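According to the numbering used here, the sequence shown holds residues 48 to 349 in order. Quick reminder that beta carbons are idealized off the backbone N, C-alpha and C, glycines included. Note that the coordinates shown come from a computational prediction; the quantities given were computed from them, not determined experimentally.
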Amino acid sequence: MSHMASSVARTDRLGRYLLGALLALPFLYIAVFYAYPIYKVVSLSLRDFQIAYGIDDWVGLGNYAELLSTPETWYTLGRTLLYTAICVGVSFGLGLGMALLTVSLADAFSERFGRAFRHIAIAPMIFIPAAAGVMWAFAYTEHYGWVNHILIALGLQAYPWMVSDAAFFLVMVTDIWGWTPFIYLILLAALQSLPQEPIEAARVDGANAWQVFRHVTFPLLKPVMVIALTIKTLDTYRAFDYLWIMTNGGPGTSSTTLNLATYKTAFQNLDFGKASALAVITMIFPLTVMILFLAFRRRQAQ
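Take a look at the structure:
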């Protein structure tokens, strides 16, 4: 009897140890992959740490003061916010329109039409960003790109797209092309899962398509829209791949965003102190977006 009791006690202790270990794993993960890197970045941002020159001096808030007093920092911030606003706005508008069109095609004709349109719409998702960046950068080259070939066939002049002011907006087009299917799938899934009773009731009461969308569909979609907008905003704000591959931040600094500027400061200029300060400044906007998102979720739960 005592042997059985001791076996049960050992099993209970083992279960408690195992439970404790499982509960500790998330905290360990956060500490290793989030807390320590953030601590390291913040600590480096307070130092003049330049590997190439062997400099490692404490400067306090000097890096921040220098960056915030430099016009290039504010220009880069403006380009980042412009890139984010246009890409998020257009991607969301196109994704919503395509989702509504898919549902309309399925209702007006058959599910087969909606399914065919869905397959076409999500085609850009098969391309990884690096491959898509190379593909679109080549499409805009002056002598070999198919865009200029079309212009020449129409009797127009070839244009050096990627070394002009248009380059920044062409990267936006690529980002919109690559991300719209994601927004589309989220909103399409939400539309297809909406309860049909309030929509049918509004139609019976004589509401037209716009009134049904504005007063019934939109309020029901709003929580999913906020989630989609938050994800897209955070991802676009930290955009790097398309910009790096297609323009490398050029011509000049016209397509340099905060992420790109941080990378260049760290790994081209080898000024890790200033790059860390720039990274901390860059984090302010995503933190603000997340705080607003959590506030929205809390208000929605109440």
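- Under the three-pair Cβ rule at 8 Å, the region 179-190 counts as touching the region 200-211.
- Per the coordinates, the alpha-carbon of Thr294 lies some 7 Å from the alpha-carbon of Ser302.
- By the 16-neighbour rule on beta-carbons within 10 angstroms, Val135 is buried.
- Segment contact: the region 267-275 against the region 314-331, fewer than three CB-CB distances shorter than 8 Å; contact not assigned.
- Phe156 counts as exposed, since fewer than 16 other C-beta atoms from the protein chains shown sit within 10 angstroms of its C-beta.
- The C-beta of Gly296 has 16 or more other C-beta atoms within 10 Å across all chains shown, which makes the residue buried.
- Proximity of the region 137-144 to the region 219-228 meets the contact definition, three or more beta-carbon pairs being nearer than 8 Å.
- Between Ala99 and Leu317, the C-beta spacing is below 7 Å.
- In this structure Thr127 does not touch Tyr231 by the C-beta definition: roughly 25 Å separates them, more than the 8 Å allowed.
- Remark: C-beta atoms of Leu305 and Thr149 do not approach each other more closely than 7 Å.
- When beta bridges are read from the DSSP output, Gln315 appears opposite no residue.
- Taking the Cα of Gly299 as reference, the smallest distance to any Cα among His196, Leu281, Gln258, Phe215 is reached at Phe215.
- By the Cβ-count criterion, Met219 is buried, with 16 or more other Cβ atoms from all chains shown falling within 10 Å of its own Cβ.
- By the C-beta density criterion, Asn255 is exposed, having fewer than 16 other C-beta atoms within 10 angstroms.
- As DSSP reads the structure, Asp104 sits in a beta bridge with Asp95.
- Secondary structure of Arg285 (DSSP, three-state): coil.
- In the same chain as Met337, and ignoring 5 residues on each side of it, the C-beta atoms closer than 8 Å to its own belong to Thr277, Leu281, in chain order.
- When C-alpha distances from Gly180 are compared across His196, Tyr64, Ile292, the shortest belongs to Ile292.
- Counted as a single uninterrupted DSSP element, the alpha helix (DSSP H) harbouring Phe160 occupies residues 158-168.
- Taking C-beta atoms under 8 Å as the contact rule, Val106 and Arg94 qualify, at a distance of about 6 Å.
- Annotation: Leu241 to Glu247 spans about 12 Å, alpha carbon to alpha carbon.
- Annotation for Asp222: the continuous alpha helix (DSSP H) segment containing it runs 213-239.
- For Arg250, the enclosing alpha helix (DSSP H) has its first and last residue at 243-251.
- Between Gly161 and Leu152 the beta-carbon gap is near 5 Å, inside 8 Å, which marks them as a contact.
- For Met182, the enclosing alpha helix (DSSP H) has its first and last residue at 176-186.
- Taking a C-beta distance under 7 Å as the contact criterion, Asp288 and Pro176 qualify as a contact pair.
- In the structure shown, Ser138 falls within a helical segment according to DSSP collapsed to helix, strand and coil.
- Around the beta carbon of Thr264, 16 or more other beta carbons lie within 10 angstroms, which makes this residue buried.
- Taking every protein chain shown into account, the CB of Thr221 has 16 or more other CB atoms within 10 angstroms, so this residue is buried.
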